[in-house]
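Trainee: Numbering (the numbering used here), first residue to last: 98 to 519.
Glycine is no exception: its CB is placed at the ideal position from the N, C-alpha and C atoms.
Can you keep this structure in mind? I'll have questions shortly.
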Ligand SMILES: Nc1ncnc2c1ncn2[C@@H]1O[C@H](COP(=O)(O)OP(=O)(O)O)[C@@H](O)[C@H]1O
Ligand SMILES: [Mg+2]
């Protein structure tokens with residue numbers, strides 16, 4: 098499986114295996130402002146977007162007209178009081194002279210909903226100047242670097258006027274389309290194929306920690322979409338292949354906040370109790386999707402093994418392939434977070450408990466048995482053995498946090514030894 102080697106011409110990287118080490122310096126993200134670090138601190142403060150109206154939304158999929166559902170397509174709108182910014186507010190500043198306010202999700206999507214997660218496209222066909230001609234322009238040498246440097250002014254790498262992409266999440270990122278081997282900027286809803294995350298200045302290891310987590314998940318078969326670090330004209334970025342794009346088209350997906358009717362920070366079970374692993378699992382159980390339950394268990398096992406505390410309901414998604422039934426989306430946003438300053442709590446309780454350090458194989462297995470998985474204990478142990486082998490073999494990028502690999506190996510050794518993750 099291709100889990101780190103790349104087909105990227107932005108940088109010269111060694112091919113083969115699952116290592117993708119950037120040659121040519123680390124660079125700095127000059128001028129980039131810090132991103133929201135909600136994922137690192139587990140904010141429990143509310144501040145989720147409120148949808149005030151339904152107008153102006155045109156959808157092609159069943160959830161597009163559901164105002165509660167559309168919220169997941171944009172960011173989590175952290176509270177300005179907490180001192181964090183929100184790039185859709187900045188979207189508003191550039192919205193073709195129109196004021197699109199931070200919390201007005203529907204107007205935001207009307208302006209920026211042409212290229213979102215999944216296959217939904219949201220726009221107002223009656224809007225003056227609405228273009229019906231999606232297109233992509235080659236970014237050329239240094240083009241991605243320019244987008245990354247300008248992400249504050251042009252979130253997601255959106256071009257003024259014709260940039261219409263939105264994506265949920267808290268890390269700053271840009272979207273691009275790879276066409277004929279070259280990166281392109283997308284306009285008027287042309288489907289992007291890759292997400293490129295930036296290094297938050299205050300968390301310089303984050304994208305490299307994510308690369309390691311994603312590489313482990315990929316080598317275990319939890320995703321077939323690699324993520325690799327690349328250097329864009331001096332700016333490091335994590336390039337992530339989208340799993341909701343195929344042959345230039347779109348595959349629909351919804352995050353589990355949307356599936357379960359939860360909103361914003363309710364993605365954390367402790368906020369409102371709207372989401373839980375059991376409720377997520379029930380979606381698969383109700384469909385008789387035993388394979389989906391097994392894969393959900395695998396994602397849980399890896400979240401615990403890696404210390405991915407932020408495995409919340411918007412980091413688990415349901416994919417709707419055109420040619421088959423809905424299925425659990427591949428693992429994504431797999432990041433070791435125990436070494437960061439946070440409360441050490443899992444976003445979703447496991448067997449009724451949040452404290453990652455206290456979780457055991459028995460907790461994971463008991464959680465999965467409550468979903469109706471019969472061979473849960475064996476499956477968890479088998480996968481943990483494979484995590485042990487992969488983590489022993491694989492080293493993180495040298496820019497990852499120095500304790501990440503050791504912590505993961507320690508968690509796995511503890512779990513396999515019948516002890517709490519520690
Ligand atoms: N590989 C991918 N393919 C398709 N969609 C993705 C992929 N990775 C992330 N997404 C979508 O983008 C959103 C934000 O990405 P994520 O990696 O979770 O970023 P953040 O670290 O900001 O939370 C996700 O909630 C999901 O909807
Ligand atoms: Mg996320």
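Let's test the definition: count the other Cβ atoms within 10 Å of the Cβ of residue 289 and tell me whether it reaches 16, buried, or not, exposed.
Mentor: Answer is buried; the Cβ neighbour count reaches 16.
Trainee: Exposed or buried, which one is residue 333 when buried takes at least 16 other CB atoms within 10 Å?
Mentor: Buried, since its Cβ has 16 or more Cβ neighbours within 10 Å.
Trainee: Under the rule that 16 or more other beta-carbon atoms within 10 Å means buried, what is residue 516, buried or exposed?
Mentor: Exposed.
Trainee: From what residue to what residue does the beta strand (DSSP E) around residue 451 run?
Mentor: Looking at the DSSP string, the run of the beta strand (DSSP E) that includes residue 451 is 450–452.
Trainee: Taking 6 Å as the cut-off, is the beta-carbon of residue 266 closer than that to any non-hydrogen atom of ligand 2?
Mentor: Correct: residue 266 has its Cβ closer than 6 Å to ligand 2.
Trainee: Judging by CA-CA distance, which residue of 211, 437, 317 is the nearest neighbour of residue 491?
Mentor: Looking at the Cα atoms, 317 is the closest of the given residues.
Trainee: Do you know how far the Cα of residue 313 is from the Cα of residue 478?
Mentor: One C-alpha to the other measures close to 16 Å.
Trainee: In chain order, which alpha helix (DSSP H) runs of at least 4 residues are fully inside the stretch 375–451?
Mentor: Entirely contained in the stretch 375–451, the alpha helix (DSSP H) runs reaching 4 residues are, in chain order, 387–403.
Trainee: Extract the residue ranges of the beta strand (DSSP E) inside the stretch 470–495, only unbroken runs of 3 or more that lie entirely within it.
Mentor: Fully enclosed beta strand (DSSP E) runs of 3 or longer: not present.
Trainee: Please report the straight-line C-alpha distance between residue 351 and residue 442, rounded to a whole angstrom.
Mentor: Near 25 Å, if we compare the C-alpha coordinates of residue 442 and residue 351.
Trainee: Using 10 angstroms around the beta-carbon of residue 480, count the other beta-carbons present and answer buried if the total reaches 16, otherwise exposed.
Mentor: With 16 or more Cβ atoms within 10 Å of its Cβ, residue 480 is classed as buried.
Trainee: Are the beta-carbon atoms of residue 349 and residue 281 separated by less than 7 Å?
Mentor: No, Cβ-Cβ distance for residue 349 and residue 281 is not below 7 Å.
Trainee: On the DSSP letters alone, give me the boundaries of the beta strand (DSSP E) that residue 328 sits inside.
Mentor: Here the beta strand (DSSP E) through residue 328 covers 324–329.
Trainee: If we require 4 or more residues per run, which alpha helix (DSSP H) segments fall completely within the stretch 304–366?
Mentor: 353–356, all fully within the stretch 304–366.
Trainee: Taking 6 Å as the cut-off, does the CB of residue 405 come closer than this to any heavy atom belonging to ligand 2?
Mentor: No; taking the cut-off as 6 Å, the Cβ of residue 405 has no heavy atom of ligand 2 nearer than that.
Trainee: Using 8 Å as the threshold, is the stretch 497–511 in touch with the stretch 394–404, meaning 3 or more CB pairs across them?
Mentor: The stretch 497–511 vs the stretch 394–404: in contact.
Trainee: Can you find a heavy atom of ligand 3 that lies under 6 Å from the Cβ of residue 223?
Mentor: Ligand 3 is not part of the structure shown, which contains ligand 1 and ligand 2 as its ligands.
Trainee: Using a Cβ-Cβ cut-off of 6 Å (strictly less than) and excluding sequence neighbours within five positions of residue 279, which residues of its own chain qualify?
Mentor: Counting only Cβ-Cβ distances below 6 Å, and skipping sequence neighbours, we find 235.
Trainee: Under DSSP, the alpha helix (DSSP H) around residue 512 begins and ends at which residues?
Mentor: Looking at the DSSP string, the run of the alpha helix (DSSP H) that includes residue 512 is 501–513.
Trainee: Taking only beta-carbon positions, decide if residue 459 is within less than 7 Å of chain D.
Mentor: The chain inventory of the structure shown lacks chain D, comprising one protein chain alone.
Trainee: Does the stretch 467–477 come close enough to the stretch 384–399 that 3 or more CB-CB pairs lie under 8 Å?
Mentor: Yes: the two stretches touch, three or more of their Cβ pairs being nearer than 8 Å.
Trainee: Going straight from the alpha carbon of residue 283 to that of residue 460, what length do you get?
Mentor: So the alpha carbons of these two residues sit roughly 45 Å apart.
Trainee: Kindly indicate which three-state DSSP category residue 132 falls into: helix, strand or coil?
Mentor: Confidence at residue 132 is low in this model, with a pLDDT of 19, below 50, so its placement is unreliable and the value that follows should be read with caution. If DSSP states are grouped into helix, strand and coil, residue 132 belongs with coil.
Trainee: Less than 7 Å separating the beta-carbons of residue 486 and residue 474?
Mentor: Not a contact, by the Cβ cut-off of 7 Å.
Trainee: Give me the Cα-Cα distance between residue 503 and residue 519, rounded to the nearest whole angstrom.
Mentor: About 12 Å.
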